[in-house]
Each structure stands twice: as C-alpha cells, then as structure tokens.
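Asks:
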Amino acid sequence: MLFGQTGNRLLVLSIDGLDAPFLNDPALRVKAPNLRRLMREGASATVVGVTPSETWPAYASLVTGVAPWLTGVLTNDLPATAFRATPLWEAASQKGLTAATVYWPGTMGAKVAFNLPQLQESQKGGSAAFDAIAQKSNPAGLASRIENKYPAFGKELWTDSNSAQAAIYLLTTEKPDVLFVHFSEVEAEQRETGARSLYAREILENSDDLVGQVLAKAPAGTLTVVVSDHGFENSNRTVRPRVMLRQAGVKGRVEVADGLIGTADAAVAGALRALLVDGRKYGLAREVPMAEVKARAQGHAKWVAAFDTLPDFVATEEERGAAVGNGSHVATHGVWPNRPGYRSIFIMAGPGVRSVKLGEIEMLQIAPTLAEAVGVRLPAAKDSSLWRQITR
Ligand SMILES: [Zn+2]
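Here the sequence shown is numbered in numbering that gives the first Met the number 0, starting from 0 and rising by one per residue.
(1) Out of curiosity, what's the CA-to-CA distance linking F179 and T171?
(2) Assuming T308 contacts L283 under a Cβ cut-off of 8 Å, what Cβ separation, rounded to an integer in Å, is found between them?
(3) Please go through the region 58-101 and give each complete alpha helix (DSSP H) segment of 4 or more residues, from N-terminal end onward.
(4) Could you check where the alpha helix (DSSP H) with M347 kicks off and where it finishes?
(5) So what's F113 in DSSP terms, helix, strand or just coil?
(6) Closest to V111 by C-alpha separation, out of P104, R245 and T100, would be which residue?
(7) In the DSSP assignment, find the beta strand (DSSP E) that holds A187 and state where it starts and stops.
(8) N7 by DSSP, collapsed to three states: which one?
(9) Rank V213, L37, V11 and L9 by C-alpha distance to the C-alpha of L22 and give the top, closest one.
(10) With a threshold of 7 Å, establish whether the CB of G229 neighbours any heavy atom of ligand 1.
(11) So, helix, strand or coil for S136, using DSSP?
(12) Taking 7 Å as the cut-off, is the C-beta of E186 nearer than that to any heavy atom in ligand 1?
(13) Would you report the Cα separation of Q297 and W68, rounded to the nearest angstrom?
(14) For A19 versus R342, is the C-beta spacing smaller than 8 Å?
(15) So I132 packs on Y102, CB below 8 Å; how close in whole Å?
(16) Which one of D159, Q164 and A139 has the shortest CA to CA distance from Y149?
(17) Does the contact criterion of 3 or more C-beta pairs under 8 Å hold for the region 27-43 versus the region 230-247?
(18) Using the beta-carbon count (16 or more within 10 Å), is V191 buried or exposed?
(19) Residues in its own chain within less than 6 Å of D207 by CB, not counting five upstream and five downstream?
(20) Rounded to the nearest angstrom, what separates G64 and L385 at their Cα positions?
(21) Evaluate contact between the region 213-233 and the region 261-271, counting only Cβ atoms and requiring at least three cross-stretch pairs below 8 Å.
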C-alpha cells in the first residue's frame, strides 16, 4: 500500500520562542500578514511541547517524533550524529529525496545534501558566528556560493536574514525536496526584554517579512509548515520549596526539575499537599498526577508526588530567600509543557491542506504528519499523524 503523499515538496520554517499568544492574542497587535495568511488558508494548532521544553530537545523531537529521553537530546549541545532516532531529513534522504537544513539546532553532521548547521560551539553570546557555520557547511563552500549570489550574505554574526537568504538560495538554485529553516531572533529578544515584549513583537514582524520573502521563492505546490519550539513565561515570582518545607518543620528531600517540584519522600509530599490548600500564597497551581509526570518525563519516575507552580511563578532549589519572592522578571522556558498558556504553534498550508483550526496538539504529532505529507516513514514516531485530518 502506498504510504502517505509522495511528490510533495516540504518547507519547514521554525521561529524560535514563538509563543502561541503572539498570533492568538489580539491585544498584542502583532502584524504578521504572512503567518496569518498561512493560518487562514491552512491548518493551525497550539502545541503542547516536550520535556524538557528547551530549544534543542524540542527541535530534535520536532523532526523525529520521539521524546527527548529517546532522541538523547536533553541539552542544547548535541550534533545530529548523536541523535538516537532518525530525523525526517535523514529518512527523506534515504528515500532519495534531496534534503537541506539551514541553521536548525543540532544539525552538525546531519545526513543531508545541503547544510548550514547550528552547533553550540558556534555561539557567541546569544548569536552564532557566521564563519563557524560557513566553515562547517555541507557541501564545503556552500556559504561562499550564496555570498556570490547575495553579496550582503557574509556577516560577523548569523542573523535571521542569513537564514532567509540561504533558504531563498536553496529554493531557487538547488531546489531541495525538503528544507528546514530556523529563525532565532524572536527567542533571543525575549531573553533580553521579556516574554512577548514590544521589542520581541517587532522582531516577529520582521520574521514574518522574511517568511514572506522565502514563501515568494518557494516553487508552486510547496507544503509550508511553521513551527516553534516552546512557549515563554516571565519569571515574575520565585518559588522556593526548600524554604517552605523548612518553615513548615518538614525534613526530607525535594527537587525542582522541568519546572516541577517533585519528591520521592512521602512526608514531603504530604507537606506540599497541605501547602497546596493555600496554593496562591505559595505559588502552587496543582498536584501533577504521577502518571502524567511519567508519560512526559521518564526521569522522574522515582518521585511519589509532583506539583506545578502558577503561571509566571518559577520554582528553584534555592535554600535561602523568601518562600515566595520576587523573580528575575526575565523570560523563561523549560517549564512543565502543559502549563496553562505555555504553548508553541503549528501551521501547515499548501496543496491538499484544508483550512482548519485543530485546537491543541502534541508536539510529537508534528514529525509523523510531515513524514506522511512527503511519503516517508519514521518508525520510531508513535504519535498519530494529523495528515488525514488536515487534508481531504
Ligand atoms: Zn527556543
């Protein structure tokens, strides 16, 4: 039986840190005509992320369809050669499709025909050195070829306009079947000026313009996908469970991981449940059922109880300070993926895709959907593809 849809070209654009409210909250007044057109014409959803809901783990899961503990990408520093699951670009290449990646996190050594990799060692502060990427390009000299065509391409630091120019070069010259392109400036700005800040909204409007430029060069009949890796919150209040427990006279170990307060100690669990009765005072939102914890983060299976904090309240393992005190007020992610309001986005538009609002989906559904759209299998991806649901 023929699996999926063959013959489609696929263009996947990621906008790092594109928290769903940027596009869904009218009060933010974001002008993003290109993204909004894709949302109007195609399928769109808010997305519950993976654990840890950090940048590189999310990007590995977006292209493999499996959770970080199975890809092995749990931090922001692994090359594609370390992935323990097959990414879509590799599965596509094996099927004879031409795959290309531009500045996608974790693509050093990716098995693709064209690659301008993002690798942690190329980072300079929040940005990446252009030369480090150019030197590691595949094939060698790819960056020079792009620069010959677009003289403004070469820079000191890699920018989103570099990603767009590289994408336009590839779409018009090399014509890959699947192309993954990453934009990082919306995330970088939020780290400086806060979640969904006015400045971050301006950067997103610029990203939207770059998306429009790339789309204008995509061959007719290209399936276009826009994804992001995680939502964003502001750490307005700091929650210190170790201080709370000491004040309550309870001994025993408590941990903070993936945004959750967890414990393997029944007495500590009981004390935290007692504090949850007055949850607002302690910044606690709810007890997270252990079945949910284990489903999303196998590493915490030893806990007997786990608790999530209120939105914009971030837990730490600090021993000193107020039980609940002022936070750093900077934008943060890496919190528990299904917290209220903490969502990334998925948009897919193009041939055969109908206009539909999907509501909320899981991030692990995205890779199998893209795979089915280009007729490729990702055997390790167990979540259901959305392809049948979004096409007719
Ligand atoms: Zn990110």
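C-beta atoms are modelled at their ideal positions from N, C-alpha and C, and glycine is treated no differently. As the structure is a computational prediction, the values presented were derived from the model and not from experiment.
Replies: A quick look at the data gives this:
(1) Numbered from 1 along the sequence shown, position 180 holds the residue referred to as residue 179. Numbered from 1 along the sequence shown, position 172 holds the residue referred to as residue 171. Cα to Cα, the separation comes out at about 15 Å.
(2) Counting from 1 along the sequence shown, the entry for residue 308 is found at position 309. Counting from 1 along the sequence shown, the entry for residue 283 is found at position 284. That belief holds up - the Cβ atoms of T308 and L283 are roughly 6 Å apart, short of 8 Å.
(3) 67-70 and 87-93
(4) Position 348 of the sequence shown, counting from 1, holds the residue named residue 347. Where M347 is concerned, there is no enclosing alpha helix (DSSP H), although the beta strand (DSSP E) it sits in stretches over S343 to A348.
(5) Residue numbering aside, residue 113 sits at position 114 when the sequence shown is read from its first letter. Three-state result, F113: strand.
(6) Counted from its first residue, the sequence shown places residue 111 at position 112. For V111, the nearest C-alpha among the options comes from T100.
(7) On the sequence shown, position 188 is the one that residue 187 refers to. Careful: A187 lies outside any beta strand (DSSP E), inside the alpha helix (DSSP H) at E184 to T192.
(8) The residue labelled residue 7 in the question sits at position 8 within the sequence shown. Looking at N7 - three-state DSSP - the assignment turns out to be coil, as it is neither helix nor strand.
(9) For the purposes of this step, residue 22 is taken as the residue at position 23 of the sequence shown. It is L37.
(10) As a working mapping, residue 229 is identified with position 230 in the sequence shown. One point to set straight first is that residue 229 is His, not Gly, in the sequence displayed. Yes, since a heavy atom of ligand 1 falls inside the 7 Å radius drawn around the Cβ of H229.
(11) In the sequence shown, counting from the first residue as 1, residue 136 sits at position 137. Correct three-state label for S136: coil.
(12) In the sequence shown, the residue the question calls residue 186 occupies position 187. Yes, the Cβ of E186 comes within 7 Å of a heavy atom of ligand 1.
(13) By 1-based counting over the sequence shown, the position of residue 297 is 298. By 1-based counting over the sequence shown, the position of residue 68 is 69. Cα-Cα distance, rounded: 7 Å.
(14) Counting from 1 along the sequence shown, the entry for residue 19 is found at position 20. Counting from 1 along the sequence shown, the entry for residue 342 is found at position 343. Closer than 8 Å, so yes.
(15) Within the sequence shown, residue 132 is the residue found at index 133, counting from 1. Within the sequence shown, residue 102 is the residue found at index 103, counting from 1. Rounded, the Cβ-Cβ distance is 7 Å, consistent with contact.
(16) Translated into positions along the sequence shown, residue 149 becomes position 150. Relative to Y149, the option among D159, Q164 and A139 whose CA is nearest is Q164.
(17) no
(18) Within the sequence shown, numbered from 1, the residue matching residue 191 stands at position 192. Looking at the sequence itself, residue 191 is Glu, so the reference to Val does not match. The residue is exposed, with fewer than 16 neighbouring Cβ atoms inside 10 Å.
(19) Counted from its first residue, the sequence shown places residue 207 at position 208. So the qualifying residues of the chain are A31, N33 and L34.
(20) Start at 1 with the first residue of the sequence shown, and residue 64 comes out as number 65. Start at 1 with the first residue of the sequence shown, and residue 385 comes out as number 386. Answer to the nearest angstrom: the Cα atoms are 12 Å apart.
(21) no
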